[in-house]
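Worksheet: one structure, shown below.
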Amino acid sequence: MPSTLGPAPAPEKPAPLTVAGRPDTLSRRLRQIRHVALDMDGTIYSGGTLFDCTRSFLAQLTGLGIGYTFLTNNSSKSVQDYVTHLQAMGITTTAGQIYTSTNATIAFLQEAMPAIRRLFVLGTTSMRTEISAAGFSLTADSSADEPDAVVVGFDTDLNFSRLCRAAYWIKQGKPFIASHPDRICPTDVPTVWVDCGAICAALQAATGRGPDAVLGKPAPRMLYGLLQKLELRPEHLMMVGDRLYTDILMARQAGILGVLVLTGEATADAAARHSPPPDLVLPDIAALGDKLKAAHNGKLE
Ligand SMILES: [Mg+2]
91 MPSTLGPAPA PEKPAPLTVA GRPDTLSRRL RQIRHVALDM DGTIYSGGTL
141 FDCTRSFLAQ LTGLGIGYTF LTNNSSKSVQ DYVTHLQAMG ITTTAGQIYT
191 STNATIAFLQ EAMPAIRRLF VLGTTSMRTE ISAAGFSLTA DSSADEPDAV
241 VVGFDTDLNF SRLCRAAYWI KQGKPFIASH PDRICPTDVP TVWVDCGAIC
291 AALQAATGRG PDAVLGKPAP RMLYGLLQKL ELRPEHLMMV GDRLYTDILM
341 ARQAGILGVL VLTGEATADA AARHSPPPDL VLPDIAALGD KLKAAHNGKL
391 E
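Using our numbering, read the sequence shown as starting at 91 and increasing by one per residue.
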């Protein structure tokens, strides 16, 4: 079948900082925020260590009536895995507050490719279980079990035979969907974690075809999926993260307020040079909590 990707609602250019065509103040934009999408590593924790301000920031959001969702490209873990992971760090959360690139992939398939029901998934058991629970049939590693499309994630259980099977179906012209573009997953252990983008590069080298769609950050579809799930408009959502080329690029491409925190990868100098620039650069999420509180109290102009 043709690998049509459906109409992309993405604006071609970053949205201007205006509302209804008028010059807008930061205060006005912050007052409109009803939900915050939070990157995790570098934003609410570093490696295995939760930032001191994270719990009070989340409590502050709740106090202001602002919801929040944790966003991650890592499709090797399920939503439930992340609930457990955050719980172990002292953050009580629900499945509804986690949004992964697997969730974005499922939302994309349901919306843009509704005829697709049968998938060959190169991913972990966690990922395959989530995709199956969303109503898709998972095909086996067999040329007799034909899928409608191939989905590739961060398969930390990568198996040679299944890699070859994915290549076979891609070579046969099946739509090729990647959960996210990252070529490596950062780690502090002495190895290289070969991520979804690198697995897709191997498949591309073997078949001559790259992915037809790549979900996850920085694709704005990741945020469209979240907006759809939350039934919110772009001006109600804010993205907070520590990476310019994923978190901030995605926010700006989706027309959503993009806030860079300097607790992770990006520096203030890099932020000043980056295009598109963040809407706001802050030292950490505690400073963001202060800004939101001041805007809601009418004290920030
Ligand atoms: Mg990060």
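We treat Cβ as the ideally placed atom computed from N, Cα and C, and that holds for glycine.
CB-CB under 6 Å to residue i, same chain, minus the five flanking residues each way: which ones, in chain order?
| i | result |
| --- | --- |
| arginine 363 | none |
| proline 308 | Thr336, Leu339 and Met340 |
| methionine 203 | none |
| proline 271 | Gly287 and Val304 |
| alanine 377 | none |
Kindly examine ligand 1 and report whether one of its heavy atoms sits closer than 6 Å to the Cβ of residue i.
| i | result |
| --- | --- |
| glycine 354 | yes |
| glycine 132 | yes |
| aspartate 129 | yes |
| aspartate 369 | no |
| aspartate 278 | no |
| aspartate 332 | yes |
Thinking residue i and residue j are a contact (beta carbons under 8 Å), I'd like their distance in whole angstroms, please.
| i | j | result |
| --- | --- | --- |
| proline 301 | isoleucine 274 | Not quite, the Cβ-Cβ distance comes to about 17 Å (not below 8 Å), so this is no contact. |
| aspartate 231 | arginine 252 | 5 Å |
| leucine 116 | leucine 370 | 7 Å |
| isoleucine 123 | arginine 145 | At roughly 20 Å, the Cβ-Cβ gap does not stay under 8 Å, so isoleucine 123 and arginine 145 are not in contact. |
| glutamine 318 | alanine 223 | With 8 Å as the limit, glutamine 318 and alanine 223 do not qualify as a contact, their Cβ atoms being about 19 Å apart. |
| proline 368 | glycine 348 | 5 Å |
Return the chain-ordered list of same chain residues with a C-beta closer than 7 Å to the C-beta of residue i, the five sequence neighbours on each side being excluded.
| i | result |
| --- | --- |
| isoleucine 260 | Val240, Phe266, Leu293, Thr297 and Arg299 |
| glutamine 187 | Tyr158, Thr159 and Phe160 |
| alanine 185 | Val169, Gln170 and Val173 |
| glutamate 355 | Gly132, Asp332 and Arg333 |
| proline 237 | Arg208, Leu209, Phe210, Thr229, Trp259 and Lys264 |
| alanine 257 | Leu293, Ala296 and Thr297 |
In the DSSP assignment, what residue or residues form a beta bridge with residue i?
| i | result |
| --- | --- |
| aspartate 129 | Leu161 |
| alanine 268 | Val242 and Val304 |
| phenylalanine 210 | Val240 |
| tyrosine 189 | Leu161 |
| leucine 382 | Beta-bridge pairing links leucine 382 to no other residue. |
Under 8 Å Cβ to Cβ from residue i, same chain only, skipping five residues before and after it: list those, please.
| i | result |
| --- | --- |
| serine 227 | Arg207, Arg208 and Leu209 |
| leucine 151 | Val126, Gly157, Tyr158, Gly379 and Leu382 |
| cysteine 143 | Asp374, Ile375, Ala376 and Gly379 |
| valine 279 | none |
Legend entry - Stretch-stretch touch, CB-based, cutoff 8 Å, three pairs: the stretch 236–254 with the stretch 269–289: yes
Inset, instruction - Decide if the stretch 190–209 is in contact with the stretch 167–175; the criterion is three or more beta carbon pairs, one per stretch, under 8 Å apart. - result: yes
Inset, instruction - Tell me, please, whether the stretch 319–334 touches the stretch 359–378 by the rule of three or more beta-carbon pairs shorter than 8 Å. - result: yes
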